[in-house]
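Participant:
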Amino acid sequence: MAQISVQAGDFNISDEIDALKGGRTDMGAIVTFTGTVRDVTGELNAMTLEHYPGMTEAELARVAEEAEARWPLVGCRVIHRYGRLEPGDNIVLVITMSAHRHAAFDAANFLMDFLKSRAPFWKNEETGAGSGWVDARESDHAALKRWD
Amino acid sequence: MAQISVQAGDFNISDEIDALKGGRTDMGAIVTFTGTVRDVTGELNAMTLEHYPGMTEAELARVAEEAEARWPLVGCRVIHRYGRLEPGDNIVLVITMSAHRHAAFDAANFLMDFLKSRAPFWKNEETGAGSGWVDARESDHAALKRWD
Amino acid sequence: MQLVYFAWVRERVGKSEETMQLPGDVETVADLIAHLVSINEIYGAALGDTDKIRIAVNQEHVSTDHPVTDADEIAFFPPVTGG
Amino acid sequence: MQLVYFAWVRERVGKSEETMQLPGDVETVADLIAHLVSINEIYGAALGDTDKIRIAVNQEHVSTDHPVTDADEIAFFPPVTGG
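Chains as they are written, first to last, in our numbering: chain A, 618 to 765; chain B, 618 to 765; chain C, 7 to 89; chain D, 7 to 89.
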């Protein structure tokens with residue numbers, strides 16, 4: 618059963634892995650994905666993540682449940698932050714644990730693809746020129762087709 | 618340029634990510650793979666990893682160089698432990714950072730597939746019944762064909 | 007029914023939520039959008055281009071042919087950009 | 007040449023490394039294995055089943071048709087099982 622958190626505060630990846638392992642020794646593979654606020658041009662001051670309280674948690678739980686149905690995971694954790702974040706800050710963490718490394722990789726990859734197109738979050742970027750909503754990318758939608 | 622370590626001591630994943638980021642904000646995606654000592658039956662007391670000093674570092678650097686040639690990575694880190702390890706202990710850490718999440722996932726997956734069949738390490742397991750060398754798995758060799 | 011709005015849809019509607027009585031002739035999300043757009047140009051600017059908006063009914067993604075009732079929470083928002 | 011052994015190959019040979027003069031008629035790894043196996047049954051037990059061993063020359067993986075010289079470091083070991 619996946620553990621889902623939607624929170625304003627930061628997370629520590631090592632602490633989250635330790636908590637999810639909980640002393641178990643029957644996994645051999647732990648994959649993490651961390652998404653961070655990316656500033657390519659050096660013009661981004663900050664980003665504010667708006668979300669849909671209630672639906673966000675429900676949607677992340679549905680996506681994680683689907684991953685757990687597809688792969689033999691012994692642990693699954695999703696944390697997504699909201700609110701104002703600065704370049705380099707953590708946005709999202711996915712952890713998958715399995716006896717098999719390809720299962721852990723595939724499940725984390727799947728979780729991110731579905732989270733990107735299903736979880737109700739919207740990014741608003743602040744630059745020196747003002748603020749604006751980030752457009753969704755067609756490539757994120759196309760990435761879902763890999764899992765049909 | 619990937620950073621490679623072959624060491625007896627443990628590693629902290631969060632610290633390694635922070636060191637590899639080094640304050641940069643131009644990546645959006647960080648993938649880690651951690652391999653741990655797996656004890657499925659509860660009969661494993663410990664495992665000793667033998668390695669080939671010199672070749673190990675060289676081979677890991679070659680594998681990482683190949684990953685960096687194939688994917689647009691902004692950071693790449695490989696740590697592999699040797700010596701005596703107990704169930705649940707960390708064995709290997711791979712970190713890949715990229716602007717693109719699929720590049721980070723694919724590069725980490727590739728690194729592990731090649732490390733599994735190229736890096737000169739050998740596992741010797743100790744159970745109550747004695748000790749023995751772990752056999753290589755055909756599936757690890759087959760996994761390489763995905764990257765041809 | 008409860009209507010909720012996010013991101014630029016919220017900004018264009020000018021509020022994050024509102025309660026409204028479901029009109030008798032509205033059976034689907036598409037009917038509801040047509041009704042709202044007919045009310046005034048504020049809803050028209052927010053919801054008129056249905057290719058650019060996404061809908062959730064009771065916190066689940068749905069398409070525009072999904073039925074709606076007066077007990078529903080209906081959300082309108084742009085394609086999501088989290089992660 | 008320097009010969010180095012790992013894991014059960016090391017255990018069967020009974021040492022982790024040794025220095026040996028390259029015989030004049032040995033040109034490849036396969037020739038070297040045949041030479042060692044002909045010396046005694048200890049090398050035979052360690053290296054005789056070439057399907058089960060892997061070879062590195064100067065710390066790079068090679069196949070049994072790779073040439074060897076007296077200046078080389080030649081390693082024999084089972085398929086690797088790290089990671």
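For each residue, glycine too, the CB sits at the ideal point set by N, CA and C.
Return the Cβ separation of Leu728/B and Val691/B in integer angstroms, given the expectation that the two are a contact with Cβ distance under 8 Å.
Facilitator: Position 111 of the second sequence holds residue 728/B. Position 74 of the second sequence holds residue 691/B. With a Cβ gap of about 15 Å, Leu728/B and Val691/B do not count as contacting.
Participant: If we define contact as Cβ-Cβ less than 8 Å, is Val35/C a contact residue for chain A?
Facilitator: Position 29 of the third sequence, counted from the first residue, corresponds to residue 35/C. Not closer than 8 Å to any Cβ of chain A, the Cβ of Val35/C fails to qualify, so no.
Participant: Would you kindly report the start and end of the unbroken beta strand (DSSP E) that includes Asn707/B?
Facilitator: Here the question's residue 707/B lines up with position 90 in the second sequence. From DSSP, the beta strand (DSSP E) with Asn707/B extends over Asn707 to Ser715.
Participant: Applying the criterion that 16 or more other CB atoms from any shown protein chain within 10 Å of the CB defines a buried residue, is His758/B buried or exposed?
Facilitator: Numbered from its first residue, the second sequence carries residue 758/B at position 141. Exposed, since its Cβ has fewer than 16 Cβ neighbours within 10 Å.
Participant: Since Pro704/B contacts Asp656/B with CB under 8 Å, what's their CB separation in whole angstroms?
Facilitator: Taking the first residue of the second sequence as position 1, residue 704/B is located at position 87. Taking the first residue of the second sequence as position 1, residue 656/B is located at position 39. Sure, about 4 Å apart at Cβ, within 8 Å.
Participant: Please say whether His72/D and Val43/D have beta carbons closer to each other than 8 Å?
Facilitator: The residue given as residue 43/D occupies position 37 in the fourth sequence. The residue given as residue 72/D occupies position 66 in the fourth sequence. Against a cut-off of 8 Å, the Cβ pair of His72/D and Val43/D comes out as no contact.
Participant: What number of angstroms, rounded off, separates the C-alpha of Gly745/A from the C-alpha of Gly645/B?
Facilitator: Here the question's residue 745/A lines up with position 128 in the first sequence. Here the question's residue 645/B lines up with position 28 in the second sequence. Approximately 21 Å, taken between the alpha carbons.
Participant: Does DSSP put Asn726/A in a helix, in a strand, or in coil?
Facilitator: Within the first sequence, numbered from 1, the residue matching residue 726/A stands at position 109. Correct three-state label for Asn726/A: helix.
Participant: So, with DSSP's three-state summary, where would you put Tyr49/C?
Facilitator: By 1-based counting over the third sequence, the position of residue 49/C is 43. Note: Tyr49/C maps to helix in three-state DSSP.
Participant: Specify, as a first and last residue, the run of the beta strand (DSSP E) that Arg60/C falls within.
Facilitator: For the purposes of this step, residue 60/C is identified with residue 54 of the third sequence, where counting begins at 1. Arg60 to Val63 is the span of the beta strand (DSSP E), which, as asked, contains Arg60/C.
Participant: Spell out whether any CB of chain B is found under 8 Å from the CB atom of Ala51/D.
Facilitator: Residue 51/D sits at position 45 when you count from the first residue of the fourth sequence. Taking Cβ atoms only, chain B never reaches closer than 8 Å to Ala51/D, which makes this a no.
Participant: Using a cut-off of 7 Å between C-beta atoms, extract the partners of Ile630/B located in chain A.
Facilitator: Against the second sequence, residue 630/B aligns to sequence position 13. In chain order: Ile630, Ser631 and Ile634.
Participant: Where DSSP assigns a beta bridge to Ile621/A, which residues make up the other side?
Facilitator: Walking along the first sequence from the start, residue 621/A turns up at place 4. According to DSSP, Ile621/A bridges with Val695/A.
Participant: Just verifying my parser: in three-state terms, what is the DSSP assignment at Glu660/A?
Facilitator: Position 43 of the first sequence holds residue 660/A. Reduced to three states, the DSSP call for Glu660/A is coil.
Participant: Under 8 Å by Cβ, that's how I've got Leu710/B and Phe628/B pegged, so tell me the actual separation to the nearest angstrom.
Facilitator: Along the second sequence, one-based indexing puts residue 710/B at 93. Along the second sequence, one-based indexing puts residue 628/B at 11. Right, the Cβ-Cβ distance comes to about 5 Å (below 8 Å), so this counts as a contact.
Participant: What is the residue span of the beta strand (DSSP E) that Lys852/B lies within?
Facilitator: With chain B covering only 618 through 765, there is no way to say anything about residue 852/B.
Participant: Can you tell which of Glu683/B, Ala736/B, Ala625/B and Thr651/B has its C-alpha closest to the C-alpha of Trp764/B?
Facilitator: The residue you call residue 764/B lines up with position 147 of the second sequence. It is Glu683/B whose Cα lies nearest to the Cα of Trp764/B.
Participant: Since His67/C meets chain A, which of its residues come closer than 8 Å, beta carbon to beta carbon?
Facilitator: Here residue 67/C is taken as the residue at index 61 of the third sequence, counted from 1. Within 8 Å Cβ-Cβ: Glu676 and Arg735.
Participant: Taking His72/D as part of the alpha helix (DSSP H), name the residues at either end of that continuous run.
Facilitator: The sequence position of residue 72/D within the fourth sequence is 66, counting from 1. Where His72/D is concerned, there is no enclosing alpha helix (DSSP H), given that its DSSP letter is neither H nor E.
Participant: Do Glu23/C and Val32/C count as a contact pair if the criterion is CB distance below 8 Å?
Facilitator: As a position in the third sequence, residue 32/C is number 26, starting the count at 1. As a position in the third sequence, residue 23/C is number 17, starting the count at 1. Against a cut-off of 8 Å, the Cβ pair of Glu23/C and Val32/C comes out as no contact.
Participant: With distances taken between CB atoms, is the gap from Thr87/D to Ala753/B smaller than 8 Å?
Facilitator: By one-based count along the fourth sequence, residue 87/D stands at place 81. By one-based count along the second sequence, residue 753/B stands at place 136. Going by C-beta atoms, Thr87/D is nearer than 8 Å to Ala753/B.
Participant: What is the rounded straight-line gap between the Cα of Arg735/A and the Cα of Ser734/B?
Facilitator: Numbered from its first residue, the first sequence carries residue 735/A at position 118. Numbered from its first residue, the second sequence carries residue 734/B at position 117. Whole-angstrom Cα-Cα distance: 37 Å.
Participant: Counting only the same chain and skipping the five closest in sequence on each side, list residues whose C-beta sits under 8 Å from that of Asp76/C.
Facilitator: Numbered from its first residue, the third sequence carries residue 76/C at position 70. So the qualifying residues of the chain are Met7, Gln27 and Leu28.
Participant: Give the straight-line distance between the Cα atoms of Gln620/B and Ile634/B, rounded to the nearest whole angstrom.
Facilitator: Your numbering for residue 620/B matches position 3 in the second sequence. Your numbering for residue 634/B matches position 17 in the second sequence. Taking the straight line from one Cα to the other gives about 12 Å.
Participant: Helix, strand or coil: which one does DSSP assign to Phe628/A?
Facilitator: Numbered from 1 along the first sequence, position 11 holds the residue referred to as residue 628/A. The answer is coil: DSSP assigns Phe628/A none of H, G, I, E or B.
Participant: Going along the chain, which residues of its own chain have a beta-carbon closer than 7 Å to the beta-carbon of Trp14/C, five neighbours each way excluded?
Facilitator: The residue labelled residue 14/C in the question sits at position 8 within the third sequence. Answer for Trp14/C: Pro84, listed in chain order.
Participant: Name, going along the chain, the residues of the segment 706 to 723 of chain B whose beta-carbon falls closer than 8 Å to a beta-carbon of chain D.
Facilitator: Here the close residues are Ile708 and Val709.
Participant: What's the gap between the Cα of Ser631/A and the Cα of Ser631/B?
Facilitator: The residue given as residue 631/A occupies position 14 in the first sequence. The residue given as residue 631/B occupies position 14 in the second sequence. C-alpha separation (whole angstroms): 5 Å.
Participant: With distances taken from CA atoms, which of Glu667/B, Thr673/B and Ser748/B is nearest Phe731/B?
Facilitator: Translated into positions along the second sequence, residue 731/B becomes position 114. Closest option to Phe731/B, Cα to Cα, is Thr673/B.
Participant: Residues of chain B with CB closer than 8 Å to the CB of Phe83/D, please, in chain order.
Facilitator: In the fourth sequence, the residue the question calls residue 83/D occupies position 77. Those are Tyr669, Pro737 and Trp739, listed as they occur along chain B.
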